[in-house]
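Take a look at the structure set out below.
2 protein chains.
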Amino acid sequence: MASIKDVAKKAGVSTATVSRVLNNHRGVIPETRKVVREAMDYLCYVPSKSAFQLSGKCSGLIAVVLPNLVNPHFCELLATFEEEARYIGKSVIVKTHQNQPQQDKQIIHTLIGMGIDSLLWVPTEAEAELSEWLIATHIPVAVVTQVSRFFNSVSIDQSKGAESIAEHFIKSGHTTFGFVAQEGVDNRKVSSWSKKITSQGLTFDKENQFWIEKGKGERVSGHISILEDIIEKLVARKNQCTCLWVYNDVAASYIIDGLKERQVAVPQDIAIASFDNTLLAQTKKITSVAQPINEIAHLAFTMVNNESEQENIEMYEIVSRLIIRESSVAINITTL
Amino acid sequence: MASIKDVAKKAGVSTATVSRVLNNHRGVIPETRKVVREAMDYLCYVPSKSAFQLSGKCSGLIAVVLPNLVNPHFCELLATFEEEARYIGKSVIVKTHQNQPQQDKQIIHTLIGMGIDSLLWVPTEAEAELSEWLIATHIPVAVVTQVSRFFNSVSIDQSKGAESIAEHFIKSGHTTFGFVAQEGVDNRKVSSWSKKITSQGLTFDKENQFWIEKGKGERVSGHISILEDIIEKLVARKNQCTCLWVYNDVAASYIIDGLKERQVAVPQDIAIASFDNTLLAQTKKITSVAQPINEIAHLAFTMVNNESEQENIEMYEIVSRLIIRESSVAINITTL
DNA sequence: TTGAAAGCGCTAACAC
DNA sequence: GTGTTAGCGCTTTCAA
Numbered sequence: 001m002a003s004i005k006d007v008a009k010k011a012g013v014s015t016a017t018v019s020r021v022l023n024n025h026r027g028v029i030p031e032t033r034k035v036v037r038e039a040m041d042y043l044c045y046v047p048s049k050s051a052f053q054l055s056g057k058c059s060g061l062i063a064v065v066l067p068n069l070v071n072p073h074f075c076e077l078l079a080t081f082e083e084e085a086r087y088i089g090k091s092v093i094v095k096t097h098q099n100q101p102q103q104d105k106q107i108i109h110t111l112i113g114m115g116i117d118s119l120l121w122v123p124t125e126a127e128a129e130l131s132e133w134l135i136a137t138h139i140p141v142a143v144v145t146q147v148s149r150f151f152n153s154v155s156i157d158q159s160k161g162a163e164s165i166a167e168h169f170i171k172s173g174h175t176t177f178g179f180v181a182q183e184g185v186d187n188r189k190v191s192s193w194s195k196k197i198t199s200q201g202l203t204f205d206k207e208n209q210f211w212i213e214k215g216k217g218e219r220v221s222g223h224i225s226i227l228e229d230i231i232e233k234l235v236a237r238k239n240q241c242t243c244l245w246v247y248n249d250v251a252a253s254y255i256i257d258g259l260k261e262r263q264v265a266v267p268q269d270i271a272i273a274s275f276d277n278t279l280l281a282q283t284k285k286i287t288s289v290a291q292p293i294n295e296i297a298h299l300a301f302t303m304v305n306n307e308s309e310q311e312n313i314e315m316y317e318i319v320s321r322l323i324i325r326e327s328s329v330a331i332n333i334t335t336l
Numbered sequence: 001m002a003s004i005k006d007v008a009k010k011a012g013v014s015t016a017t018v019s020r021v022l023n024n025h026r027g028v029i030p031e032t033r034k035v036v037r038e039a040m041d042y043l044c045y046v047p048s049k050s051a052f053q054l055s056g057k058c059s060g061l062i063a064v065v066l067p068n069l070v071n072p073h074f075c076e077l078l079a080t081f082e083e084e085a086r087y088i089g090k091s092v093i094v095k096t097h098q099n100q101p102q103q104d105k106q107i108i109h110t111l112i113g114m115g116i117d118s119l120l121w122v123p124t125e126a127e128a129e130l131s132e133w134l135i136a137t138h139i140p141v142a143v144v145t146q147v148s149r150f151f152n153s154v155s156i157d158q159s160k161g162a163e164s165i166a167e168h169f170i171k172s173g174h175t176t177f178g179f180v181a182q183e184g185v186d187n188r189k190v191s192s193w194s195k196k197i198t199s200q201g202l203t204f205d206k207e208n209q210f211w212i213e214k215g216k217g218e219r220v221s222g223h224i225s226i227l228e229d230i231i232e233k234l235v236a237r238k239n240q241c242t243c244l245w246v247y248n249d250v251a252a253s254y255i256i257d258g259l260k261e262r263q264v265a266v267p268q269d270i271a272i273a274s275f276d277n278t279l280l281a282q283t284k285k286i287t288s289v290a291q292p293i294n295e296i297a298h299l300a301f302t303m304v305n306n307e308s309e310q311e312n313i314e315m316y317e318i319v320s321r322l323i324i325r326e327s328s329v330a331i332n333i334t335t336l
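Right, dumping it as structure tokens:
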């Protein structure tokens, strides 16, 4: 690989001049510029990013750290980030921590070593542990999809989402309410959901509440055994649980299929709603809480790309809205 | 950010010794090692990857270049690559060219400048133009999903897939056959599909063949107007086209929804099959040609990670298989 | 077992 | 307008 020296020699100038041409600095006469350009072409010269970086410049690297790439929700996030990065001429480096704080920590270390310009992060609990040190690096961080005590964050108003699901179910005439939630993650959803129900003078049954350990419901290729259990229980509780929300589309889709296989009709026997409104929810007609991903990504980007050193932590909370589809209302029946 | 010098000073040793400790080189007495380690911890030292790289080492970067991240097929590919990369302690840098050769070229240049260790590539036509130069860089390249004249490649036997779809339709008793294919991309599929049909003494109608310009069918959020046209035509041709294959799951799903909205029953009025067998096909029960993505990714990885300089271009062609689902056979009717 | 110093490719301050 | 040179953070050879 040709280096700047080779180009300089070929063009009969100094490396400084080559550098100037490279960076379009003014103060190089057109003739020289032309000669240098030709030498570059001739040698198929490509400047070394790491040398550039080492001499005090930015890396042009934006890190995107996600739980996984199996959930379409995270893929959509990534897609938008990549698009935004492309737009400003930067590169995205993706990593997944699979909900393991240990991995998450390791990843952040590696990324710091690479000199990333900014970090877009859906963190594990490792976030708290790393916060002090990470802040000291002065690398702009935006926590995405979650609220953060330490960094700028762009999140979805999960409680509003859960509330609107409750509202939707109540309006549809349901009187028994259930959910499948992720331990630790979905506490806020659950509390505002239950508040909404009790505020209407209604009650809910502990038997209709299914908690699953964080990360246990993620594996999608093949069976998700933990969801199988829940499906069995739901079948057994037919009529005692007529509506249900599920923590995300992937799991909801899985549960819907499981129920249908066992002759439980959705939405007639049990109405279902979920979160994320991914392509999956759109195509499978699942009622789902839409998180405007473009907006999230855009906000996160601006935060992280903002030159101005800001003092306090900014917390954006995006308003979600419920997209009602056939998994929660029997459209065929009501509209025909 | 603390550098190796800071650590050396703090530990009262030379930078060479710090480097030795860092890389677990032998020939450092435990006592020294301990002191250095402590200094590192104290200073929260993280070695600079770009300096490492500049001193002649590998970057640890694996580039994954894809058409887009909207199609779940590419997301699945990426997910597998990221997993494999994580396994061997490397980082993935993703880029999408949106089917624009110009972008593709630009991307490859940028990546070369970054000193990537290897390239996993679903290229545009820019491939041919870049080949000579790219080969000269000696960076291991694996073309994925397509066959390549210039690089190692792992592809799917597209013709077999199309053939098996034809076979499936013929066996199901269809006598009129249609497709929606991508110009330039799907030529092989089409030719083996038509060969299969004629070999059985059957014929097909030009009116049932829909070609769409490459890249025109990709936008998924919102409407894909070009597919809308096709849907209308299909509705008009009810009974004149009883089965159809579509170039990928995303498009197939879109078409199925469009047909159902217009009271055309799938599969009763028109049976549909597609390619990729993504999560989408699985959940929407679309008959689809499965490409064993794990296998593809794994093969591509081994090729690219193989230390041995190989002489000739290796071409792997993975055997696909047809997964039959409800979009092409009325399971409810036949099995109940 | 450890240190000194050159070199990787680039930038930028300074000199001419 | 252009060249000289130090320096970015690391590795590695050679000497001690």
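If you read the protein sequences in the order shown, they are chains W and L. Heads up, the first sequence is in full-length UniProt numbering, so the first residue is 1 and it goes up one at a time. Heads up, the second sequence is in full-length UniProt numbering, so the first residue is 1 and it goes up one at a time. Each residue gets a CB set at the ideal place from its N, CA and C atoms; glycine is no exception.
Counted within 10 angstroms of its Cβ, other Cβ atoms place residue i as buried (16 or more) or exposed
i      : result
L/V38  : Looking at the sequence shown, residue 38 of chain L is not Val but Glu. Classification for L/E38: exposed.
L/Y87  : exposed
W/G60  : buried
W/P30  : exposed
W/H168 : buried
W/I135 : exposed
W/I313 : exposed
W/E311 : exposed
L/E228 : exposed
L/E213 : exposed
W/T110 : buried
Under 8 Å between C-beta atoms of residue i and residue j
i      : j      : result
W/V92  : W/I112 : no
W/L66  : W/V7   : no
L/P267 : L/S199 : no
W/F275 : W/G161 : yes
W/T176 : W/N208 : yes
W/A300 : W/V144 : yes
W/L22  : L/L54  : no
W/T32  : W/T15  : no
W/T287 : W/I323 : yes
L/V329 : L/S172 : yes
W/F150 : W/E127 : yes
W/T96  : W/L69  : yes
L/T283 : W/L280 : yes
Chain-ordered neighbours of residue i on chain L, where CB pairs are closer than 8 Å
i      : result
W/P47  : G113
W/E82  : L69, V94, K95, T96
W/P72  : P72, C75, L279
W/S253 : T283
W/S327 : What W/S327 touches in chain L: nothing, since even the nearest Cβ is about 12 Å away.
The alpha helix (DSSP H) enclosing residue i, as first and last residue numbers
i                      : result
L/N312                 : Neither: L/N312 is in no alpha helix (DSSP H) and is coded neither H nor E.
W/V15                  : The sequence given here has Thr at residue 15 of chain W, not Val. It spans 15 to 22 - the alpha helix (DSSP H) in which W/T15 sits, taken as one unbroken run.
W/S192                 : 187 to 199
residue 357 of chain L : Within the shown structure, residues of chain L are numbered from 1 to 336, placing residue 357 of chain L beyond reach of any answer.
L/L322                 : Segment 321 to 323 is the beta strand (DSSP E) holding L/L322; no alpha helix (DSSP H) there.
L/G258                 : 249 to 261
L/V235                 : 225 to 236
W/A51                  : 49 to 54
Run of the beta strand (DSSP E) containing residue i, from where it starts to where it stops
i      : result
W/L119 : 118 to 121
L/N152 : 152 to 156
L/I4   : Premise fails: L/I4 lies in the alpha helix (DSSP H), 4 to 11, not in any beta strand (DSSP E).
L/D276 : 271 to 276
L/S288 : 287 to 290
L/C243 : 243 to 246
W/I62  : 61 to 66
W/T110 : Not the beta strand (DSSP E): W/T110 falls in the alpha helix (DSSP H), residues 101 to 113.
W/T96  : 91 to 96
Amino acids of chain W, ordered along the chain, whose beta-carbon sits closer than 8 Å to that of residue i
i      : result
L/K284 : T283, K284
Chain W residues whose Cβ lies nearer than 7 Å to that of residue i
i     : result
L/L54 : S50, A51, L54
L/M1  : T137
9 Å Cβ cut-off: residues of chain W touching residue i
i      : result
L/H109 : V46
Residues that residue i contacts on chain L, provided the C-beta gap is smaller than 7 Å
i     : result
W/L78 : L69
Heavy atom of the ligand FAD within 7 Å of residue i beta-carbon
i      : result
W/G115 : This structure lacks the ligand FAD, and indeed carries no ligand of any kind.
**Study point:** Within 8 Å of chain L by C-beta, residues of the region 120 to 141 of chain W in sequence order
**Key:** W133, A136, T137
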